[in-house]
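J.:
Protein chains: 2
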Amino acid sequence: MNLKEKFKDINTYFSPKVIGEVNDVYVKAVSIKGDKVPWHTHEKEDELFYIVEGSLLFEIENEESFTMNPGDLFIVKKGISHRVSSQKECKIMLIEQKTTAHTGTVDTEITKSIQQQLY
Amino acid sequence: MNLKEKFKDINTYFSPKVIGEVNDVYVKAVSIKGDKVPWHTHEKEDELFYIVEGSLLFEIENEESFTMNPGDLFIVKKGISHRVSSQKECKIMLIEQKTTAHTGTVDTEITKSIQQQLY
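Going down the list, the sequences are from chains Z and E.
All residue numbers for the first sequence refer to the numbering used here, where the first residue is 23 and numbers rise by one.
All residue numbers for the second sequence refer to the numbering used here, where the first residue is 23 and numbers rise by one.
(1) Show which residues of chain Z have a CB atom less than 8 Å away from the CB atom of residue 94 of chain E.
(2) Taking only beta-carbon atoms, is residue 46 of chain Z less than 8 Å away from chain E?
(3) Comparing C-alpha positions only, which one of E/64, E/141, E/58 and E/43 sits nearest to residue 97 of chain E?
(4) So within the segment 87-127 of chain E, which uninterrupted beta strand (DSSP E) runs reach at least 3 residues, ignoring any that extend past its ends?
(5) For residue 138 of chain E, count the other beta carbons within 10 Å of its own beta carbon; 16 or more makes it buried, fewer makes it exposed. Which is it?
(6) Could you give the DSSP three-state label for residue 132 of chain E: helix, strand or coil?
(7) Please report the distance separating the alpha-carbon of residue 68 of chain Z from that of residue 113 of chain Z.
(8) Under a CB-based cut-off of 8 Å, is residue 43 of chain Z close to chain E?
(9) Pick out the complete beta strand (DSSP E) segments inside the segment 46-93 of chain Z, 3 residues or longer, and give them in chain order.
(10) Give me the subset of the segment 95-121 of chain E whose CB atoms are less than 7 Å from a CB atom of chain Z, sorted by chain position.
(11) If we count the other Cβ atoms within 10 Å of its Cβ and call it buried at 16 or more, is residue 108 of chain Z buried or exposed?
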């Protein structure tokens, strides 16, 4: 599959979709626009962000924020509170443990269950 | 980190380097040119290929071969014999279990231990 092409199927913001499986890990595609992702933590799971299109503001508790651009890759380690947002549409590939909850233990209007993330 | 930039550190073909860690998974960058990768199988591990630059010929036992281009992503499932090659330089990101042996149980001149794949 072509990663950019895959995003043609993704029509809802903040709604990750599982596009692949590597043993205990899901590969997900998610498109976001705006700042609806709450501050949250994954206590036991690292999470990889890879930017496919657009720019992503990455905020990490007690650290300086930074902007990710296409081709940029960042792994937020377990237990680190973080939040992502983008003014314009941003397309992201995520690599996550299958157990990773979308917005950690924080439940908001955008929060999707793993079931909702499967096609 | 920017994935393309990361390849500036990778000066040897067929020598995967670990560039990130997501729980039990390694993210690796590898550059190849030629057909030195032997047919091999990972009995217990799926393996994700993502093409950063160049083209990759992907061969799978008893299936039709196909060519991967930049932005293409393919997951070869555990137990499936496969081989990759490229006439020109091809830059690849791999997502693999930490336990995944470079060329499965086949040992060749290019085979690297996990230790050799760490910076």
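Each residue gets a CB set at the ideal place from its N, CA and C atoms; glycine is no exception.
T.: According to the structure shown:
(1) Result: 23, 24 and 25.
(2) Interface residue, yes.
(3) E/64
(4) 88-90, 95-98 and 104-119
(5) exposed
(6) coil
(7) 20 Å
(8) Yes, its Cβ sits closer than 8 Å to a Cβ of chain E.
(9) 47-56, 69-75, 78-82 and 88-90
(10) 95, 97, 117 and 119
(11) buried
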